[in-house]
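Trainee: If you read the sequence shown in the numbering used here, its first letter stands for residue 110, the second for the next number, and so on.
Here's a structure for you.
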Amino acid sequence: MDFKSFKDTIQAAKRIVIISHVNPDGDTLGSMSALYQVILNNFDHTKDSVDMVYNGIIPEIYKFIPFLDEAKKPEQVKDELYDLAIAVDIAAKDRMGDSLPLYERTETKMNIDHHKTNNNYGTVNFVRGDACSCGEVLFDIFKALDLNIDKKTAWGLYAALLTDTGGFRYDNTDADTLLKSAELIKLGAEPAKIARFCYESKPRNMVLLHAHCMINADFTDNNRIAGVCISNKDMEKFHASNDYTEGLVEELRRIGTTEVSYVAKEVDENTTKVSLRSKTIDVSKVAQVFNGGGHTFAAGCTIRKPLKIAKDKILEEIRKALG
Ligand code: AMP
Ligand code: MN
Ligand code: MN
């Protein structure tokens, strides 16, 4: 992939905004932080003219990622005009949530991502389905263009690679992932500290919510499918913020008999957000039935139906896919 247009596009822009996806995870946040720093540290003309925008809330466990306290909400920048908007780790435009109007009204739209279902929606696209994370795509861009990666940038990139590979365990982990992570450690990322933030800093009520969900989970089709519905009532019971369900769908997949896991979560009375994980079948295809997408073994979609109906629909499609 030719990365030269990355440099040219940044150089041509006076005001830049970096956009992360709704329900932000370690990859979109780590990538946003790293890109913010690399632009400010390597392109003198951008001084004080780069913004980061996030949707919803930044999960407690990711607040350690450098400079996220400087990130703004879409409503804080609604009157700003940028020359360049850069989407990081955003599989499809609607995953920008309330930041989408900002992206749409900006003339130059960059799209840096690693989802195979990404349709190159930007005017400048760096989409590499073979990369483990958006952080890896950024690492390759920075290295190819000889851009300086300082210690705090390395922290952001390492957090992206670590979390999107499930702690270097998923099938997107390969020799390159580990070699690049090793290089990030040499550049100042501290693996034990970062792992502690990402994996051993959960709010207590989040763990209790997960326990409640695991006890109430549905195991069907000879236990090949494991899933749970989460209502807003469940969320209230545990004083849970929106991000507290993160990781639950992976916990359901962790069970030996599980081939496909799902979490169906009530957004409002007519809208349900579904997360899918798999060990065998391509769940991005299941998500695409509902206009969602993602990766082979991790995908998601939003269904405009009440919780229980959406759950039945997703279960039906999972069953079809499992054969
Ligand atoms: P999640 O279950 O929300 O963690 O998402 C799992 C994967 O699917 C992530 O890589 C997401 O980027 C992707 N994904 C989730 N929802 C959608 C959607 N509506 N459209 C496209 N990709 C999605
Ligand atoms: Mn992501
Ligand atoms: Mn990602």
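Each residue gets a CB set at the ideal place from its N, CA and C atoms; glycine is no exception.
Note that the structure is a prediction, hence the values are computed from the model and not measured.
Name the residue from Phe115, Asp178, Ala240 whose alpha carbon lies nearest to the alpha carbon of Val147.
Mentor: The candidate whose alpha carbon is nearest that of Val147 is Phe115.
Trainee: Under 8 Å by Cβ, that's how I've got Cys322 and Lys420 pegged, so tell me the actual separation to the nearest angstrom.
Mentor: Not a contact, Cβ separation roughly 13 Å.
Trainee: What does Ser208 pair with, by DSSP beta-bridge criteria?
Mentor: Per DSSP, none; premise fails for Ser208.
Trainee: Taking the beta carbon of Arg362 as the centre, do at least 16 other beta carbons fall within 10 Å, making it buried, or is it exposed?
Mentor: Burial call: buried.
Trainee: Let me check understanding here. Comparing Cα to Cα, which of Pro133, Val383, Arg333 lies closest to Leu102?
Mentor: No answer is possible for residue 102: the residues shown for the chain start at 110 and end at 432.
Trainee: Within this structure, are the beta carbons of Asp198 and Asp222 separated by less than 9 Å?
Mentor: Going by C-beta atoms, Asp198 is nearer than 9 Å to Asp222.
Trainee: Nearest to Thr329 by CA position, among Thr367, Ala349, Arg313, is which residue?
Mentor: Cα-wise, what sits closest to Thr329 is Thr367.
Trainee: Just to confirm the assignment, what range does the beta strand (DSSP E) spanning Ala407 have?
Mentor: Here the beta strand (DSSP E) through Ala407 covers 407–412.
Trainee: Which residues, in chain order, sit with a beta-carbon under 6 Å away from any heavy atom of ligand 2?
Mentor: Residues flagged by the Cβ proximity filter: His130, Asp134, Asp136, Thr137, Asp198.
Trainee: Measuring only from the beta carbon, is Asp352 closer than 8 Å to any heavy atom that is part of ligand 1?
Mentor: False, no ligand heavy atom lies under 8 Å from that Cβ.
Trainee: Scan the region 343–407 and note each continuous alpha helix (DSSP H) run of 4 residues or more that stays entirely inside, going in chain order.
Mentor: As far as the region 343–407 is concerned, its whole alpha helix (DSSP H) runs of at least 4 residues are 357–362, 392–398.
Trainee: What does the Cβ neighbour count give for Asp134, buried or exposed, with the cut at 16 atoms within 10 Å?
Mentor: Asp134 should be labelled buried.
Trainee: Entirely within the region 257–337 and at least 3 residues each: give me those beta strand (DSSP E) ranges in chain order.
Mentor: Runs of the beta strand (DSSP E) inside the region 257–337: 327–329.
Trainee: Within 8 Å: the Cβ of Lys382 and any heavy atom of ligand 1?
Mentor: The answer is yes for Lys382.
Trainee: Please confirm whether any heavy atom of ligand 3 lies closer than 8 Å to the CB of Ser242.
Mentor: Checking every heavy atom of ligand 3 against the Cβ of Ser242, one is found closer than 8 Å.
Trainee: Once you ignore the five residues that flank Ala349 on each side, which residues in its own chain have a CB closer than 8 Å to its CB?
Mentor: Only Asn314, Met315, Leu318, Asp343 meet the Cβ criterion.
Trainee: Throw me the rounded Cβ distance for the Gly244 and Leu270 pair, which I believe falls under 8 Å.
Mentor: The Cβ separation is near 5 Å, so the contact holds.
Trainee: Return the bridge partner residues of Ala57 from the DSSP annotation.
Mentor: The structure shown does not extend to residue 57, since the chain is modelled only from 110 through 432, so no value can be given for it.
Trainee: Does any heavy atom of ligand 1 sit closer than 8 Å to the C-beta of Gly276?
Mentor: No, since every heavy atom of ligand 1 falls outside the 8 Å radius drawn around the Cβ of Gly276.
Trainee: Using a Cβ-Cβ cutoff of less than 6 Å, which residues in the same chain neighbour Asn227 once the five nearest sequence positions on both sides are dropped?
Mentor: Taken in chain order, the residues that qualify are Ala200, Val236.
Trainee: Can you tell me whether Met141 is buried or exposed? The criterion is at least 16 other CB atoms within 10 Å of its CB, across all chains shown.
Mentor: It is buried - the Cβ of Met141 has at least 16 other Cβ atoms within 10 Å.
Trainee: Express the C-alpha separation of Val392 and Asn150 in angstroms, rounding to a whole number.
Mentor: Looking at the two C-alpha atoms, the distance is approximately 39 Å.
Trainee: Can you tell me whether DSSP reads Asp178 as helix, strand or coil?
Mentor: Asp178: helix per DSSP, three-state reduction.
Trainee: Pull the bridge partners of Val186 from the DSSP assignment, please.
Mentor: Answer is none; Val186 lacks a bridge partner.
Trainee: Just to confirm the assignment, what range does the beta strand (DSSP E) spanning Asn151 have?
Mentor: Taken as a continuous stretch (DSSP letters only), Asn151 belongs to no beta strand (DSSP E), being part of the alpha helix (DSSP H) at 135–151.
Trainee: By Cβ distance below 6 Å, which residues in the same chain neighbour Val238 in space, the five residues on each side in sequence not counted?
Mentor: Per the sequence shown, the amino acid found at residue 238 is Gly instead of Val. So the qualifying residues of the chain are Lys225.
Trainee: Taking the alpha-carbon of Glu345 as reference, which of Lys374, Ala326, Asp327, Glu359 has the nearest alpha-carbon?
Mentor: Checked all of Lys374, Ala326, Asp327, Glu359; the closest Cα to Glu345 is Lys374.
Trainee: Compare the C-alpha of Lys187 against each of Tyr279, Leu209, Pro168, Ile167 and name the closest.
Mentor: Nearest C-alpha to Lys187: Leu209.
Trainee: Would a C-beta distance cut-off of 9 Å place Ile427 and Tyr353 closer than the cut-off?
Mentor: No. Outside cutoff.
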